[in-house]
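J.: Protein chains in written order, with my numbering: chain A, 20 to 290; chain B, 2 to 289.
Ideal Cβ placement from N, Cα and C applies to all residues, glycine included.
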Amino acid sequence: MKGRAWIGSALWYMGAIALALWVLAPIYLIGLLAFSPRMAVYRWPRPLLPLEFSLETMRFFVSATGTLAATRNSVVVALLTMMLSLALGAPAGYALARFLFPGREAVRMGILMTRMFPMAILSIPLAVTFIRIGLYDTPWAVALVHTAMALPFVILITASVFVSIPRDLEEAAMTLGCSPLSAFLRISLPLALPGLAAAALFTFVISWNEVFAAAILTLRQRTLPALVITVLNESPLYFRFAGGFFMVAPALVILLIIRRFLFNLWGITSR
Amino acid sequence: MGKGKAPEWLLPLALLMPAALFLTLFIAIPSVQALWLAFQTPGGSWSLEPFRRMVTDTRFLPALRNTILLIALIIPIQLVMALTMALIAQSRRRGAGFFLYLYAIPLAISELAAGLVWLAIFTERGYLNVILRGLGWIERPIVFLSYERPLGILLAVVVAEVWRATAIVMVTLVAGLQMILGEYWEAAEVFGANLLQKIRYVVLPLLRPSLQAALIIRTLFAFQTFAVVVALGGGVLPVLASEAYTWYVGANNPHVAAAYSLVILALSAVATGFYLYVLRVRPEEMGR
Chain A
20 MKGRAWIGSA
30 LWYMGAIALA
40 LWVLAPIYLI
50 GLLAFSPRMA
60 VYRWPRPLLP
70 LEFSLETMRF
80 FVSATGTLAA
90 TRNSVVVALL
100 TMMLSLALGA
110 PAGYALARFL
120 FPGREAVRMG
130 ILMTRMFPMA
140 ILSIPLAVTF
150 IRIGLYDTPW
160 AVALVHTAMA
170 LPFVILITAS
180 VFVSIPRDLE
190 EAAMTLGCSP
200 LSAFLRISLP
210 LALPGLAAAA
220 LFTFVISWNE
230 VFAAAILTLR
240 QRTLPALVIT
250 VLNESPLYFR
260 FAGGFFMVAP
270 ALVILLIIRR
280 FLFNLWGITS
290 R
Chain B
2 MGKGKAPEWL
12 LPLALLMPAA
22 LFLTLFIAIP
32 SVQALWLAFQ
42 TPGGSWSLEP
52 FRRMVTDTRF
62 LPALRNTILL
72 IALIIPIQLV
82 MALTMALIAQ
92 SRRRGAGFFL
102 YLYAIPLAIS
112 ELAAGLVWLA
122 IFTERGYLNV
132 ILRGLGWIER
142 PIVFLSYERP
152 LGILLAVVVA
162 EVWRATAIVM
172 VTLVAGLQMI
182 LGEYWEAAEV
192 FGANLLQKIR
202 YVVLPLLRPS
212 LQAALIIRTL
222 FAFQTFAVVV
232 ALGGGVLPVL
242 ASEAYTWYVG
252 ANNPHVAAAY
262 SLVILALSAV
272 ATGFYLYVLR
282 VRPEEMGR
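(1) By Cβ distance below 8 Å, which residues in the same chain neighbour A105 of chain B in space, the five residues on each side in sequence not counted?
(2) Would you list, in chain order, the members of the region 174-200 of chain B that have their beta-carbon closer than 8 Å to a beta-carbon of chain A?
(3) Tell me the DSSP bridge mates of Q213 of chain B?
(4) Could you run through the region 195-229 of chain A and flag, in chain order, every residue whose CB is less than 7 Å away from some CB of chain B?
(5) Nearest to F231 of chain A by alpha carbon, out of A:A192, A:A160, A:F265, A:I273?
(6) Thinking C-alpha only, which one of A:V96, A:I273, A:I140 is nearest S226 of chain A?
(7) Give the DSSP-derived three-state secondary structure of R150 of chain B in the structure shown.
(8) Helix, strand or coil: how does DSSP classify W31 of chain A here?
(9) Bridge partners for Q41 of chain B per DSSP, in chain order?
(10) Considering only their Cβ atoms, is the gap separating F145 of chain B from G116 of chain B smaller than 9 Å?
(11) Pull out every residue of the region 143-177 of chain A whose Cβ sits closer than 8 Å to any Cβ of chain B, in chain order.
(12) Quick check on DSSP: helix, strand or coil for D156 of chain A?
(13) From what residue to what residue does the alpha helix (DSSP H) around W186 of chain B run?
(14) Is F260 of chain A close to chain B? Criterion is C-beta to C-beta, closer than 9 Å.
(15) Can you confirm whether the region 32-40 of chain B touches the region 231-246 of chain B when touching is taken to mean that 3 or more C-beta pairs between the two stretches lie within less than 8 Å?
(16) Give me the chain D residues within the contact set of A29 of chain A, using Cβ-Cβ distance strictly less than 9 Å, ordered along the chain.
(17) For the pair the region 145-160 of chain B and the region 181-189 of chain B, tell me if three or more CB-CB distances fall below 8 Å.
(18) Compute the beta-carbon to beta-carbon distance between A39 of chain B and F27 of chain B, rounded to the nearest angstrom, for a pair I have assumed lies under 8 Å.
(19) My output table needs one value for S104 of chain A: the three-state DSSP class, helix, strand or coil.
(20) Please check if any C-beta of chain A sits within less than 9 Å of the C-beta of Y276 of chain B.
(21) Shortest alpha-carbon distance to H165 of chain A belongs to which of A:V182, A:V180, A:D187, A:A139?
(22) If we ignore side chains and look at the alpha-carbon of each, how far apart do F275 of chain B and L74 of chain A end up?
(23) Could you compute how far the alpha carbon of A234 of chain A sits from the alpha carbon of A89 of chain A?
(24) If we cut at 9 Å on Cβ distances, does L121 of chain A have a partner in chain B?
(25) Could you check whether L238 of chain B and V230 of chain B sit closer than 9 Å to each other, using their CB atoms as the reference points?
(26) Taking the C-alpha atoms as reference points, what is the distance between R290 of chain A and I36 of chain A?
(27) Can you tell me whether DSSP reads E124 of chain A as helix, strand or coil?
(28) Helix or strand or just coil, what does DSSP make of F118 of chain A?
(29) May I ask you to report which of helix, strand or coil DSSP gives P137 of chain A?
(30) Does S289 of chain A get closer than 9 Å to chain B when you measure Cβ to Cβ?
(31) Who are the Cβ neighbours of P107 of chain B in its own chain at under 6 Å, not counting the five residues just before and after it?
(32) What distance in whole Å lies between the Cβ atoms of R57 of chain A and Y257 of chain A, which are believed to be in contact at a cut-off of 8 Å?
(33) So the candidates are B:T226, B:T124, B:A260; which of them puts its Cα closest to the Cα of Y61 of chain A?
(34) Closest to A218 of chain A by C-alpha separation, out of A:V180, A:R65, A:P64, would be which residue?
(35) How far does the alpha helix (DSSP H) with N130 of chain B in it reach, from first residue to last?
(36) Label N92 of chain A either buried or exposed according to how many other C-beta atoms from any shown protein chain fall within 10 Å of its C-beta, with 16 as the threshold for buried.
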């Protein structure tokens, strides 16, 4: 029996490590290319170890026409999306978490239903509308569509954040003389803050990564993914790899920051 | 609550209203507009012309076929891998939590970036060929992604999407597993069930709500697959979303593009309905 337990353990670790390598190796490889000299991409054969570290490839990508402007646009769009989604989503999430009202389940269903609507069905008519009202090719245009995409997530995430904060605390504060508003501001909000921050950062990543709407709704004010995908076929391989790494890196850092919240948040939103 | 009934529902209503208005403005109205666009000519008269152009386009059927083929290939693999990852990450061995975070990493990676990552591996002088040569199996690079062999591109897309989006399925399943693994798992252990029996008779049935949620989300996203296909195939492999994009950006025709987006919506609705029906959860099975 003891021998079998040992084998089971060994198998478990082998499987776990194999899957970890499957996840990590591709990220390592693109990082390797991003920090190799430009021509390393075409070398045959070449080493799998970082023997010739160089910033040349990344420098080429960053100094290419449009990269910096697109990075700035991406950040602006993501920040706008983050603020809009939180400003609209947090109150709705709070309402779902704290109140029983007629039609509450219908509202939840409606929120889940919005998932069915593909990016294409939002961005193509909105592009037509935005051209007409002069909003086309602006960070706002992209941010509005990204908010439409992220808002349902944010509502469900913030609802789950507020559900996890006991209502009793607010009620206790009110019996001690707080108004409902100040009970919320002084008790629930501070407790909810980490969860809300995680939701905000997650929204940032969603917007930072989105490419379809961004490519449809911009022409000169490209976001980073929109820029990369539109110049993809004319750009050298090392540009593409540097671009890939450049887009992945910030999102990875953010994921690392919010890792503690990931499973609680996501698990509940997908129900 | 002594002031009558109104305030009780007024506050939640007021809190919900801004979000509801926004979603109406930016989801409901555009969807109706898409419907209009798809049934109009550029001149503005009602017509089936956009749909006729879409269906008679030589890329329409391949795009439809590729989209469905990708879903049929990717999602079963993802389900098995995600369940394996979730079970590994939820066991009580040392390091399980660490692996959970590792497996979640691709959540941060976009479709476009995933396509570029795997391009670095599958391209002619990419790392797959480098490794194959290192093993002494090949002398010259094999061309995996070529115009002549769309199948190679299709399989590369499958690998890239399995790599990227399995994390989404896993995270959803982990949430469901957390509730099951404790008592039920141990009860099965007491009765002498082996691993496969535990998965077949304990985990899978109880996990049905989570499976349903994960499958719906993954399938809805999969119908929109776009950037990864462009990054790996450069337009050789049409899918529905890339055709919508090309008709809008390349051909400057929002009408046919809207028709494509309606096809995506229709398929998404059918798939959601299918999963809701096949994996339906009876009220008495609701755990919480």
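T.: Here's the rundown:
(1) Residue 105 of chain B sits at position 104 when you count from the first residue of the second sequence. Within the same chain, A105 of chain B has close Cβ partners A168, M171, V172.
(2) Considering only beta carbons, the part of the region 174-200 of chain B lying closer than 8 Å to chain A consists of V175, A176, G177, Q179, in chain order.
(3) To locate residue 213 of chain B, count along the second sequence from 1; it is residue 212. Answer by DSSP bridge pairing: none, since Q213 of chain B is not bridged.
(4) For the region 195-229 of chain A, the residues whose beta carbon sits under 7 Å from a beta carbon of chain B are, in order, V224, N228.
(5) Position 212 of the first sequence, counting from 1, holds the residue named residue 231 of chain A. Measuring from the Cα of F231 of chain A, the nearest candidate turns out to be A:A160.
(6) The sequence position of residue 226 of chain A within the first sequence is 207, counting from 1. Of the candidates A:V96, A:I273, A:I140, the one whose C-alpha sits nearest the C-alpha of S226 of chain A is A:V96.
(7) By 1-based counting over the second sequence, the position of residue 150 of chain B is 149. Collapsing the DSSP output to three states places R150 of chain B in a strand.
(8) Within the first sequence, residue 31 of chain A is the residue found at index 12, counting from 1. DSSP, reduced to helix, strand and coil, places W31 of chain A within a helical segment of the structure shown.
(9) One-based indexing of the second sequence puts residue 41 of chain B at position 40. Beta-bridge pairing links Q41 of chain B to B:W47.
(10) The residue labelled residue 116 of chain B in the question sits at position 115 within the second sequence. The residue labelled residue 145 of chain B in the question sits at position 144 within the second sequence. Between G116 of chain B and F145 of chain B, the C-beta spacing is not below 9 Å.
(11) If the cut-off is 8 Å between Cβ atoms, the region 143-177 of chain A has I143, P144, L145, A146, V147, T148, L163, V164, T166, A167, L170, P171, I174 near chain B.
(12) Translated into positions along the first sequence, residue 156 of chain A becomes position 137. Looking at D156 of chain A - three-state DSSP - the assignment turns out to be coil, as it is neither helix nor strand.
(13) Counted from its first residue, the second sequence places residue 186 of chain B at position 185. Run containing W186 of chain B: 184-191, per the alpha helix (DSSP H) assignment.
(14) Mapped onto the first sequence, residue 260 of chain A falls at position 241. At a cut-off of 9 Å between beta-carbon atoms, F260 of chain A makes contact with chain B.
(15) With a cut-off of 8 Å on Cβ pairs, the region 231-246 of chain B is not in contact with the region 32-40 of chain B, counting fewer than three such pairs.
(16) Checking the listed chains, one finds no chain D in this structure; the protein chains it contains are A and B.
(17) In short, these stretches do not touch, since the Cβ pair count stays below three.
(18) Residue mapping note: residue 39 of chain B aligns to position 38 of the second sequence, counting from 1. Residue mapping note: residue 27 of chain B aligns to position 26 of the second sequence, counting from 1. The pair is not a contact, with the Cβ atoms about 19 Å apart (cut-off 8 Å).
(19) On the first sequence, position 85 is the one that residue 104 of chain A refers to. Helix, per DSSP.
(20) If you number the second sequence from 1, residue 276 of chain B lands on position 275. By this cut-off, Y276 of chain B is not an interface position.
(21) Looking up residue 165 of chain A in the first sequence gives position 146. Ranking A:V182, A:V180, A:D187, A:A139 by Cα distance to H165 of chain A puts A:A139 first.
(22) Looking up residue 275 of chain B in the second sequence gives position 274. Looking up residue 74 of chain A in the first sequence gives position 55. So the two alpha carbons sit approximately 50 Å from each other.
(23) Residue numbering aside, residue 234 of chain A sits at position 215 when the first sequence is read from its first letter. Residue numbering aside, residue 89 of chain A sits at position 70 when the first sequence is read from its first letter. Cα-Cα distance, rounded: 12 Å.
(24) Against the first sequence, residue 121 of chain A aligns to sequence position 102. Per the sequence shown, the amino acid found at residue 121 of chain A is Pro instead of Leu. Closer than 9 Å to some Cβ of chain B, the Cβ of P121 of chain A qualifies, so yes.
(25) Working through the second sequence from its first residue, we reach residue 230 of chain B at position 229. Working through the second sequence from its first residue, we reach residue 238 of chain B at position 237. Yes, these two residues count as a Cβ contact at 9 Å.
(26) Taking the first sequence and counting its residues from 1, one reaches residue 290 of chain A at position 271. Taking the first sequence and counting its residues from 1, one reaches residue 36 of chain A at position 17. Below a pLDDT of 50, predicted positions are generally treated as unreliable, and R290 of chain A, at 42, falls in that range; the measurement from the model is reported next regardless. Cα to Cα, the separation comes out at about 30 Å.
(27) Your numbering for residue 124 of chain A matches position 105 in the first sequence. The three-state secondary structure of E124 of chain A, taken from DSSP, is helix.
(28) Within the first sequence, the letter at position 99 stands for residue 118 of chain A. Coil, per DSSP.
(29) In the first sequence, the residue the question calls residue 137 of chain A occupies position 118. Correct three-state label for P137 of chain A: coil.
(30) Position 270 of the first sequence, counted from the start, is the residue given in the question as residue 289 of chain A. Only weak support is given to the placement of S289 of chain A: the predicted model assigns it a pLDDT of 47, under 50, and the value that follows is read from those uncertain coordinates. It does; some Cβ of chain B falls within 9 Å.
(31) As a working note, residue 107 of chain B is residue 106 in the second sequence. In the same chain as P107 of chain B, and ignoring 5 residues on each side of it, the C-beta atoms closer than 6 Å to its own belong to R165, A168, in chain order.
(32) Here residue 257 of chain A refers to the residue found at position 238 of the first sequence. Here residue 57 of chain A refers to the residue found at position 38 of the first sequence. With 8 Å as the limit, Y257 of chain A and R57 of chain A qualify as a contact, their Cβ atoms being about 5 Å apart.
(33) Taking the first sequence and counting its residues from 1, the one referred to as residue 61 of chain A is at position 42. Among B:T226, B:T124, B:A260, the Cα nearest to that of Y61 of chain A belongs to B:T124.
(34) Here residue 218 of chain A corresponds to residue number 199 of the first sequence, with the count starting at 1. From the listed residues A:V180, A:R65, A:P64, the smallest Cα separation to A218 of chain A is found for A:V180.
(35) What you label residue 130 of chain B is simply residue 129 of the second sequence in a count that begins at 1. N130 of chain B -> alpha helix (DSSP H) spans 128-135.
(36) As a working mapping, residue 92 of chain A is identified with position 73 in the first sequence. So N92 of chain A counts as buried.
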